[in-house]
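Presented below is the structure to which this report refers.
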Amino acid sequence: MGNDEPDNTRCNDKNQVGDTTPIDRYPRGASSYGLLDMAGNVWEWCEDWYRVNKYRVLRGGAFNLKAIIVRCAYRYRYVPRNRYFHSGFRVVSPGF
9 MGNDEPDNTR CNDKNQVGDT TPIDRYPRGA SSYGLLDMAG NVWEWCEDWY
59 RVNKYRVLRG GAFNLKAIIV RCAYRYRYVP RNRYFHSGFR VVSPGF
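Written out as structure tokens, the structure is:
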């Protein structure tokens, strides 16, 4: 899982579907914590800045990117006031 190469059973990458997918489509790609779609599907906005007051950090890659970029550790930047079809955010719950 964690160190395995992405493929069409683990994540949405390389434009294989042509759009985003539901969060439960790739259960084989779940992390040891049970998290799904941490890589591929859409870039996820992060709280930290890439360059203070200019760019925010995005992680995880998007459905239209190649495997080398589609991973949680890959860090990219965008202007936070702009919208993109390939970026979103993850809602976190404390799990009550």
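Under the working numbering, the first residue of the sequence shown is numbered 9, with each subsequent residue one higher.
No residue lacks a Cβ here, since even glycine has one placed at the ideal position from N, Cα and C.
Is DSSP giving residue i helix, strand or coil here?
i: G26; result: coil
Please report the Cβ distance between residue i and residue j, rounded to the nearest whole angstrom; I am assuming they are in contact, meaning their Cβ atoms lie under 8 angstroms.
i: V50; j: T28; result: 6 angstroms
Do residue j and residue i count as a contact pair if the criterion is CB distance below 8 angstroms?
i: G48; j: P102; result: no
i: A70; j: H94; result: yes
i: R18; j: Y34; result: yes
For the beta strand (DSSP E) that contains residue i, what are its first and last residues?
i: D32; result: Unbroken run through D32: none, as it is neither H nor E.
i: Y63; result: Y63 to R67
Quick one: what's got a C-beta closer than 6 angstroms to residue i's C-beta in the same chain, skipping five residues either side?
i: R98; result: E52
i: A38; result: L44
I'd like the list of long-range same chain contacts for residue i, defined as Cβ closer than 7 angstroms, with 5 residues on each side in sequence excluded.
i: Q24; result: N16
i: M46; result: S39, G68 and C80
Keeping to the same chain, check which residues put their C-beta closer than 8 angstroms to that of residue i; ignore five residues upstream and five downstream.
i: W57; result: Y63, R64 and V65
Any heavy atom of the ligand NAP inside 7 angstroms of the beta-carbon of residue i?
i: W57; result: No copy of the ligand NAP occurs in the structure displayed, which carries no ligand at all.
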